[in-house]
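First to last, the sequence lines map onto chains A and B.
Counting in our numbering, the first sequence runs from 1 upward without gaps.
Counting in our numbering, the second sequence runs from 1001 upward without gaps.
All C-beta atoms, glycine included, are put in the ideal place defined by N, C-alpha and C.
Reading through the structure tokens given below for one structure.
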Amino acid sequence: MTFCPVCGLKFHSGDYRMLAEHFIEQSRLSDFRHVSWLNRNISKNLMKAEDLMFSLMAFYHISGGIKKWIINDFVKRFRGDSPHPFILAMQQYDPEVIRGYVVEHHHFLKQWIRSCSYVIAKTELDDVQSYELENIMTELHGYGASEPSHHELLIRMGESLGLERNFILAEKPLRQTAEAVKIWNELAASGSWISTMAAMHSLELIANRDLSTHGAKYAYFNPSILSDSRVPAAVKAFLMEGYEADVSHSYVALDFVEKYAENEDIEEIQYAYLRSAGAFSDYLEARLERGVMLGNK
Amino acid sequence: METNNTHGCALCDATWGEYYREIDGDRMFFCCNICADIFENMVLEVKKRKGWKNIDHIDLKGNFSSGRQCTARSGKETFNFYFRTYSDGRMMKFEER
């Protein structure tokens, strides 16, 4: 099955001609989401359906495995020559940005464990289940006082910058975050375990230090933050945790995807990844907006 | 009003879409309503800051992720500014630069 990466409309497997026709029709309607996707992923120049079909085929073409395809797309989308605004904002220490990160990321992590739980529920594979169980423990539960969860480190980071724990836990997500969470939940509830695994764990590439070997031009954050005396220890502890963990997390998960993906899984994996990456982009904007809101208080 | 984007959308120069909006009496082409919203809000902000009644030309450089560095011209006056928006078109940052 081929899917529209924007609205999820389904077509016969490999039917890029119909997908191209769909995009052309949505362009005629000036639909913002479809036009924006074409502008950012294919070309800003109007094409005939047949030319667009070939461009879409090239976009989806996999050379070197699904893991490599996802990594290459992710780098371009978030950490390439034209990085996401959140990545640009993290190139210097800005407490306002970090505060926004804390409040919105709480909601991300809550959905994270839901999505990982769907993977566990939908697979019989012991290694995949063990991996996701360990991931849930690390992200939300932790291993006692000596190894607090990523979520706990997040809250402590917020507290070190003046946010109260109760505020972080009680504050409703901004619209972009809520919509992204809805997309991630729908992907996990309706999709296969392997597409969900790809959709979620690909997002950990955002903090992966090794991405420079895949063409990333920007680090997730400026590493000098970790040695900056102005930066609270709790901020450094949180950033360091992701800095160290996500190299292995994202690669190991994508290795599972690569290992277990059958040919008939590939289109759904690509679709789930693209929907997830699109939602993630909007969600990262919410971190910035929340930071501005908190900064103005 | 004219911009340096002479091929397509007045904001991003894309040639997808078929969206038109009248801005300051000119029927302008945009690829989508969000680009039109962004452009219209940007024009209003420039006019408010400079007290101009109309703008003759805007030169835009940049894109969605990096924001756009612009020069607006009204008669003999010019105004240099930078702006960036959220994906839904709302203004994230606007400053003289």
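Let me know if Ala180(A) comes out buried or exposed under the rule of 16 or more other beta-carbons within 10 Å of its beta-carbon.
-> To locate residue 180(A), count along the first sequence from 1; it is residue 180. By the 10 Å Cβ count, Ala180(A) comes out buried.
Which runs of the alpha helix (DSSP H), 4 residues or longer, sit entirely within the segment 1027-1092 of chain B?
-> 1033-1050
To the nearest angstrom, how far is it from the Cα of Asn135(A) to the Cα of Arg230(A)?
-> The residue given as residue 135(A) occupies position 135 in the first sequence. The residue given as residue 230(A) occupies position 230 in the first sequence. Asn135(A) and Arg230(A): Cα-Cα distance of roughly 31 Å.
Just checking, does the segment 268-275 of chain A make contact with the segment 209-220 of chain A on the three C-beta pairs under 8 Å criterion?
-> no
Reduced DSSP secondary structure (H/G/I, E/B, other) of Arg1021(B) = Translated into positions along the second sequence, residue 1021(B) becomes position 21. Here Arg1021(B) sits in strand by DSSP.
Thr138(A), DSSP secondary structure in three states = If you number the first sequence from 1, residue 138(A) lands on position 138. Looking at Thr138(A) - three-state DSSP - the assignment turns out to be helix.
Interface residues of the segment 1012-1033 of chain B facing chain A [CB-CB below 7 Å] | Cys1012, Asp1013, Ala1014, Thr1015, Trp1016, Gly1017, Glu1018, Tyr1019, Cys1031, Cys1032 and Asn1033
Neighbourhood of Ile168(A) by C-beta, 7 Å cutoff - its chain only, sequence neighbours within 5 removed = Walking along the first sequence from the start, residue 168(A) turns up at place 168. Hits under 7 Å: Val102, Val103, His106, Ile155 and Gly158.
Using the beta-carbon of each residue, which ones in chain A are nearer than 7 Å to Asn1063(B)?
-> Taking the first residue of the second sequence as position 1, residue 1063(B) is located at position 63. What Asn1063(B) touches in chain A: Ser82.
Per-residue DSSP class, three states only, for Glu204(A) | For the purposes of this step, residue 204(A) is identified with residue 204 of the first sequence, where counting begins at 1. Correct three-state label for Glu204(A): helix.
Please list, in chain order, all residues of the same chain as Ser160(A) whose beta carbon is under 8 Å from its beta carbon, the five residues on each side excluded.
-> Here residue 160(A) refers to the residue found at position 160 when the first sequence is read from its first residue. Same-chain partners within the cutoff: Pro232, Ala233, Ala234 and Val235.
Any C-beta of chain B under 7 Å from that of Pro223(A) = Walking along the first sequence from the start, residue 223(A) turns up at place 223. Not one chain B Cβ lies under 7 Å of Pro223(A).
Could you list which residues in chain A have their beta carbon closer than 7 Å to that of Tyr1086(B), in chain order?
-> Looking up residue 1086(B) in the second sequence gives position 86. Residues of chain A passing the Cβ test: Glu285 and Glu289.
Taking the alpha-carbon positions, what's the Tyr93(A) to Ala207(A) distance?
-> Counting from 1 along the first sequence, the entry for residue 93(A) is found at position 93. Counting from 1 along the first sequence, the entry for residue 207(A) is found at position 207. If I take the Cα positions, the gap works out to 16 Å.
Own chain partners of Glu1045(B) with C-beta closer than 7 Å, once the 5 adjacent residues on each side are dropped | Stepping through the second sequence from its first residue, residue 1045(B) is reached at position 45. Result list for Glu1045(B): Phe1094, in chain order.
Of the listed residues Ser146(A), Val119(A), Arg17(A) and Gly144(A), nearest to Leu133(A) (C-alpha basis) = Counting from 1 along the first sequence, the entry for residue 133(A) is found at position 133. Per the Cα distances, Val119(A).
Could you check where the alpha helix (DSSP H) with Gly158(A) kicks off and where it finishes?
-> As a first step, residue 158(A) is located in the first sequence; it is residue number 158 there, counting from the start. Residues His150 to Ser160.
For Phe1029(B) and Tyr218(A), the rounded distance between their alpha carbons | Locating residue 218(A) in the first sequence gives position 218, where the first residue counts as 1. Locating residue 1029(B) in the second sequence gives position 29, where the first residue counts as 1. For Tyr218(A) and Phe1029(B), the distance between alpha carbons rounds to 35 Å.
Give the secondary structure of Glu179(A) by DSSP, where H, G and I count as helix, E and B as strand, and everything else as coil.
-> The residue given as residue 179(A) occupies position 179 in the first sequence. Residue state, collapsed to three classes: helix.
In chain B, which residues lie less than 9 Å from Asp282(A) when you measure between Cβ atoms?
-> Here residue 282(A) refers to the residue found at position 282 of the first sequence. Under the 9 Å cutoff, chain B gives Tyr1086, Ser1087 and Asp1088.
Sub-7 Å separation of Leu284(A) and Phe86(A) beta-carbons | Start at 1 with the first residue of the first sequence, and residue 284(A) comes out as number 284. Start at 1 with the first residue of the first sequence, and residue 86(A) comes out as number 86. Cβ distance < 7 Å, so Leu284(A) and Phe86(A) count as in contact.
Residue burial classification, Phe54(A) (beta-carbon count within 10 angstroms, cutoff 16) = Taking the first sequence and counting its residues from 1, one reaches residue 54(A) at position 54. Label assigned to Phe54(A): exposed.
Extent of the continuous alpha helix (DSSP H) to which Ser269(A) belongs | Position 269 of the first sequence, counting from 1, holds the residue named residue 269(A). In the sequence under discussion, the amino acid at residue 269(A) is Ile, which differs from the Ser named in the question. Element bounds for Ile269(A): Ile266 to Gly295.
Under 8 Å Cβ-Cβ, which residues of chain B neighbour Phe59(A)?
-> Within the first sequence, the letter at position 59 stands for residue 59(A). Those do not exist, as Phe59(A) stays about 15 Å from chain B at its closest Cβ, beyond 8 Å.
What does Leu38(A) reach in chain C if we use C-beta pairs closer than 7 Å?
-> Any reference to chain C falls outside this structure, whose protein chains are A and B.
Examine chain B for any beta-carbon lying closer than 7 Å to the beta-carbon of Arg99(A), and answer yes or no.
-> The residue given as residue 99(A) occupies position 99 in the first sequence. It does not: the Cβ of Arg99(A) has no partner Cβ on chain B nearer than 7 Å.
Neighbouring residues, chain B, relative to Pro85(A) (Cβ below 7 Å) | Along the first sequence, read from residue 1 onward, the residue named residue 85(A) stands at position 85. Ser1065 and Arg1084, listed in chain order.
Flag Phe54(A) as yes if its beta-carbon sits less than 7 Å from any beta-carbon of chain B, otherwise no.
-> Counting from one through the first sequence, the residue named residue 54(A) turns up at place 54. It does not: the Cβ of Phe54(A) has no partner Cβ on chain B nearer than 7 Å.
Which residue's Cα is closest to the Cα of Phe1081(B): Leu1060(B), Gly1051(B), Tyr1019(B) and Trp1052(B)?
-> The residue given as residue 1081(B) occupies position 81 in the second sequence. Closest option to Phe1081(B), Cα to Cα, is Leu1060(B).
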